[in-house]
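Colleague: The sequence shown begins at 4 in the numbering used here and counts up one residue at a time. Even glycine gets a Cβ: it sits at the ideal position worked out from N, Cα and C. All values reported here derive from a predicted model rather than from experimental measurement.
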Amino acid sequence: MGDSGDIAADVTSGQAWSEFCRALEAAGEVVLRDTAPDTPLDRAEGYRYLARLTREMLYSTIDNADPDRPRLHELDLVKLGADNPDNVYLSANIRGDRSYRITGTRGTIAYFSIGSKANRYAKDGTMASTGELTDRDLVVGDDGSVEIIASATPHDGNWLPLAPDSTGLVVRQTYLDRTTEQPGSWSVELIGDAPLPAELDPAALGKAMQRAALAVHGTAATFANWTELFMTRPNEMPDFGQDMFQRAGGDPEIFYLHGYWTLRPGQAWVIETEVPDCPYWNFQLDNWWMESLDHHRRITVNQHTATLGDDGRLTIVVSDRDPGWGNWIDTCGHETGTALLRWLGADHHPLPECRVIDLEAP
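1) Should the segment 92-112 be regarded as contacting the segment 243-261, the criterion being three or more beta carbon pairs within less than 8 Å?
2) How far does the alpha helix (DSSP H) with Val14 in it reach, from first residue to last?
3) Check for me: the alpha helix (DSSP H) holding Trp189 runs from which residue to which?
4) Determine the direct distance from the alpha carbon of Gly327 to that of Lys120, and round the result to whole angstroms.
5) Going along the chain, which residues of its own chain have a beta-carbon closer than 6 Å to the beta-carbon of Val81, five neighbours each way excluded?
6) Does the beta-carbon distance from Gly99 to Thr170 come in below 9 Å?
7) Keeping to the same chain, check which residues put their C-beta closer than 7 Å to that of Pro353; ignore five residues upstream and five downstream.
8) Just to confirm the assignment, what range does the beta strand (DSSP E) spanning His220 have?
9) Ignore the nearest five residues each way along the sequence and tell me which others in Arg46's own chain have a CB closer than 6 Å to its CB.
10) Any idea what DSSP makes of Gln306, helix, strand or coil?
11) Buried or exposed: Pro186, going by 16 or more other Cβ atoms within 10 Å of its Cβ?
12) With a threshold of 8 Å, are at least 3 pairs of Cβ atoms found where one atom belongs to the segment 285-302 and the other to the segment 84-95?
13) When we look at the beta-carbon of Gly340 and count the other beta-carbons within 10 Å, is it buried (16 or more) or exposed?
14) Kindly indicate which three-state DSSP category Glu77 falls into: helix, strand or coil?
15) Please name the residue in Asp127, Gly118, Tyr52, Pro205 whose C-alpha comes closest to that of Ser16.
16) How far does the beta strand (DSSP E) with Glu275 in it extend, from its first residue to its last?
17) Between the beta-carbon of Thr265 and the beta-carbon of Asn305, is there less than 9 Å?
18) Determine, using beta-carbon pairs with one atom in the segment 65-80 and one in the segment 25-39, whether at least three such pairs fall under 8 Å.
19) Can you name the residues that DSSP bridges to Thr334?
20) Can you name the start and end residues of the alpha helix (DSSP H) that Tyr50 belongs to?
21) Output the distance between the C-alpha atoms of Gln359 and Arg236, rounded to the nearest integer angstrom.
22) Please state if the CB of Phe258 and the CB of Arg123 are separated by a distance shorter than 9 Å.
23) Indicate, with yes or no, if the ligand MG has a heavy atom lying under 8 Å from the CB of Ile10.
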């Protein structure tokens, strides 16, 4: 980023806005990669993905960027990095040299975690964890209320560690059954007095626009690179190594098994696996951009919704139509995409056996 005086002048002249628009245009190169599918559906989803990222990054860098007045907001319809259809995601911008009080109610939802993160998506595609607090250690009041202190120094009770490079909070609330469970309600506040907000600084606005554009391009490129890696093992769900997923902001409690699938009409991807002892698991289908598919369709299964075999094993069938075998996952008009199987808090991490078969004509 340039000198603050130069950036302020660029905002005043309109140059900063032009550069922001050109940077967003450059992000479109990710959608046009040779490795990416070029069907009308996949291309449209790719540009919708960039539009969603733009909305979120502008909100995070401009309207919800003040670490002295943080707000937990829901990532509603902002899908990235194989977002979990069972999750309610909340995030807030903070600073590692501040202390914060997070208050709320636990609710009846199956799983809760909160993490502090060092978000560097705009620079190198990482969002490393700088502190984690999960259900396992969470102290909940008799009335269901919770107070968490996020700070660099240890604190009695529920403490979420912060590091000098912490930039954000991420809350995950995970359903087993959306029809019966209720998520908690959460808010965050700075501990201590916040200074009066300054008048809008043109240089600060220019830098925020630069960060937003870099984050859109960096995020899209990061997960496109992941998909290209997954494409080296088509129609499999291997362990690509957990470090890369944790560096990108993954939950340390989760073992991630990502895959890339490609099917012709009338084919099915059959995934079979042992199910470990764990409080939560799910399988989901995603598009090439690593967005979960439409949540109103049958694109995910977890231990509450799945039917296991008599031997306790799980068989999932991914295809363009339901063959009637149970645990069917709808490709939603796609012939290629990505997928994710999560084992959360599992005692071991089975690797699925996968094969592609031809379905009989209906």
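Modeller: Taking the definition as stated:
1) Too few Cβ pairs lie closer than 8 Å, so no.
2) Run containing Val14: 7-16, per the alpha helix (DSSP H) assignment.
3) No alpha helix (DSSP H) holds Trp189; the beta strand (DSSP E) holding it covers 189-193.
4) Rounded to whole angstroms, Lys120 to Gly327 spans 43 Å at the Cα level.
5) For Val81, where only same-chain residues beyond five positions count, the Cβ hits under 6 Å are Arg55, Glu59.
6) Their beta carbons are under 9 Å apart, which means Gly99 touches Thr170 by this criterion.
7) Excluding sequence neighbours, Pro353 sits near Thr276, Glu277, Pro279.
8) Counting along the chain, His220 falls outside any beta strand (DSSP E), though it belongs to the alpha helix (DSSP H) covering 205-233.
9) Cβ neighbours of Arg46 beyond the five flanking positions: none.
10) The answer is coil: DSSP assigns Gln306 none of H, G, I, E or B.
11) Per the 10 Å Cβ criterion, buried.
12) Contact between the segment 285-302 and the segment 84-95 is present, because at least three Cβ pairs lie under 8 Å.
13) Classification for Gly340: buried.
14) Of the three classes helix, strand and coil, the one that applies to Glu77 here is strand, per DSSP.
15) Closest by alpha carbon: Pro205.
16) Here the beta strand (DSSP E) through Glu275 covers 270-276.
17) Here Thr265 is not near Asn305, since their CB atoms are 9 Å or more apart.
18) Result no; under three Cβ-Cβ pairs closer than 8 Å.
19) Thr334 pairs with nothing; no bridge assigned.
20) For Tyr50, the enclosing alpha helix (DSSP H) covers residues 43-61.
21) Note that residue 359 corresponds to Val in the displayed sequence, not to Gln. If you take the alpha carbons of Val359 and Arg236, they lie about 13 Å apart.
22) No, the pair does not count as a contact, with Cβ atoms beyond the cut-off.
23) The ligand MG is not part of the structure shown, which contains no ligands of any sort.
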